[in-house]
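End of the sequence shown = 508 in my numbering, gap-free, step of one. Don't be surprised by glycine CBs; every beta carbon is placed ideally from N, CA and C.
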Amino acid sequence: MATTERQQQEQENPLLEGLRLKRTPEPCVLVIFGASGDLTRRKLLPALYSLAFRRLLPEQFAVLGVARTESSDDEFREQMKEAVQKHGRDEFRDEVWESLAEGMRYIAIDFADEAGEDRVSRCLAKLDEERGTRGNRVYYFAVPPSAFETLVQEIAERRGREGWSRLIVEKPFGHDLASARHLNGVLTEHFTENEVFRIDHYLGKETVQNMLALRFANGIFEPIWNRQFIDHVEITVAESIGIEGRAAFYEEQGAIRDIFQNHLLQLVALTAMEPPIDFTAESVRNEKVKVLRSMHTPGPKHVVRGQYGRGFVEGIEVPGYREEEGVDAESTTETFVAAKLFVDNWRWADTPFYVRAGKRLARRETTIAIQFQRAPHPPFDELASDGLRPNVLLVHIQPNEGVALEIGAKVPGQGMAIRSVHMDFLYGGAFRTGLPEAYERLILDAMLGDATLFTRTDEVEEQWALVDAIVAAWSRDRPTFPNYAAGTWGPSAADDLLSRDGRAWRRH
Ligand code: BG6
């Protein structure tokens, strides 16, 4: 289109201006392995619907659901429609749904059976003809690691000459460093690193990405973002829910593998990383991996594990972890982990990063709190500044998404009393628009081939190396569990971790 024609159209419709920023992926088929599972219903299909709702999907697009459960195309569409109606964030519109459902197919296979893979290949070839998807594939693996390995090999063997292939791999990516290396080996034998998209859905959250905007789009923070001005950092990933019927999965994982190894360490990396030279996948991930590499294993006194017992969450009595269905009555799986971590580099040496994650805590809350040092010499008398705390920058990842800066202010009235108050930025108020779900962003980025918000091999391996070292130390003794009541903020040892340093967890 000629420039003048475009400009004229924009004058008539200023909304076109914004649309220019959006890129639409090339035609492709999204193949979901594990399509009958919870993730597909709760997250993937609602995300695809929201993308369709905003016209962000390519016109030539198809979804192929693959799972063990027997089902027909129509049954699958019907189940997915219900899932979108139940879990979607946008209003349900028949015409949007129809446009998506038209390209939806389902195949039931046994993942270990090669004949099943042949049927998948035939269906994909047919979809290319019918939908014009040109041999381009995004394979989404929402399956256990055991099925994953065979599938990757089968896909590689059947890879056609036409089009590109990308692999989205859900967590858990392995169970420890050795198994993660093995999986990485399987992948790199057949695919290049930029064809592999390892999901850590926290990176798809708007507020997590805002950490990068906050740090690198504002000139005021950089000069003070270091050990000279920051006293310590606190990162909390608290959930009030329990294990939600996922006993088999959780018994294997525990809080350290489920949250600490991925979401929590990624939050540390984003908080501590150096400014990348640009916003490409390689530059951003190069800086994050340096942080992960510079973290040493915390000593046993600097790690606390916990498991919830019976208690009250939001006024309702809930069972202890060992009483949950499917959990061993003597289980030593941790549902809480806290640690004092150090990033040993020039910027952060000796600055503690206190982190904690847990299930059945007092409320759902993910926050990064950057606590600055006290004012060097407040000229007010002690009584007047009794209610004054050091400055804190609070990044509320969820809920109440936003950023707050805690500053000291004069209490109105006679005399000079000082108290801490909050300067708030709330997403809801500033942008008046709902936040997209993490999976919308991540699926779209993978279709576009942008890996910035996915974890690279070396990051995953560094994360596991740290976890392996912690877990190895744990195996030396048996914990006394349960050690915190559901609905509290975790075991008292987690409080001691900070009180020994003359600090306390924030009660945000
Ligand atoms: C998942 C964990 O990765 O993250 C779950 O497996 C956890 O146990 C979930 O509940 C938390 O995600 P969010 O987006 O609700 O904070």
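DSSP bridge partner residues for residue i (one or two, in chain order)
i    : result
Q209 : None; Q209 has no bridge partner.
R198 : V169, T455
H396 : T367, G402
C28  : F61
G309 : A485
V471 : None, per the DSSP bridge assignment.
M295 : V343
E317 : F312
F372 : I230
V303 : A339
Given residue i as reference, the closest of the options once Cα atoms are compared
i    : options                : result
L265 : Q463, E193, S165       : Q463
E59  : A101, E252, R68        : A101
D386 : T351, R419, W348       : R419
L45  : V143, V411, H87        : H87
T457 : T69, S99, G185         : G185
V460 : L57, T480, L183        : L183
H175 : R93, S50, F249, G402   : F249
I224 : L57, T133, W348        : W348
R77  : V289, R89, Y49         : Y49
I109 : I241, F33, L394, W164  : F33
I155 : P145, V138, K171, K288 : V138
V337 : V355, E325, D328       : V355
T452 : R507, L270, S179       : L270
V31  : V169, S146, P145       : V169
M447 : F61, S36, R42, A35     : F61
V284 : I235, L51, F216, E222  : F216
P27  : V208, T133, L393, A369 : T133
H296 : A329, L426, V313, P352 : P352
K359 : Y321, V327, P376, L388 : Y321
R42  : E437, G449, F481       : E437
Alpha-carbon to alpha-carbon, residue j and residue i
i    : j    : result
T150 : E114 : 9 Å
T24  : R54  : 11 Å
A281 : D231 : 31 Å
E195 : R105 : 24 Å
E440 : P275 : 26 Å
P390 : N226 : 16 Å
L292 : Q261 : 11 Å
Q371 : G245 : 37 Å
E323 : Q398 : 29 Å
A247 : A409 : 49 Å
D325 : Q85  : Note that residue 325 corresponds to Glu in the displayed sequence, not to Asp. Each residue's Cα considered, the two are about 29 Å apart.
L124 : R131 : 10 Å
T40  : G502 : 46 Å
G514 : P491 : For the chain, the structure presents residues 1 to 508; residue 514 sits outside this window and is missing.
T433 : T332 : 43 Å
T488 : L498 : 17 Å
G242 : F191 : 37 Å
G428 : E401 : 8 Å
E82  : E239 : 27 Å
R478 : E252 : 16 Å
A404 : G204 : 21 Å
P379 : Q414 : 17 Å
W505 : V303 : 15 Å
D495 : V233 : 15 Å
K126 : F141 : 22 Å
R257 : V467 : 7 Å
H201 : V411 : 42 Å
R476 : T335 : 19 Å
Simplified DSSP state of residue i, which is helix, strand or coil
i    : result
F33  : strand
I230 : strand
H87  : helix
D424 : strand
K410 : strand
L388 : coil
L361 : strand
I243 : coil
M80  : helix
V268 : helix
L56  : coil
E17  : Here the model assigns E17 a pLDDT of 43, short of 50, so the residue's position is not dependable and the matter cannot be decided.
V143 : coil
M273 : coil
I443 : helix
W97  : helix
R500 : coil
G490 : coil
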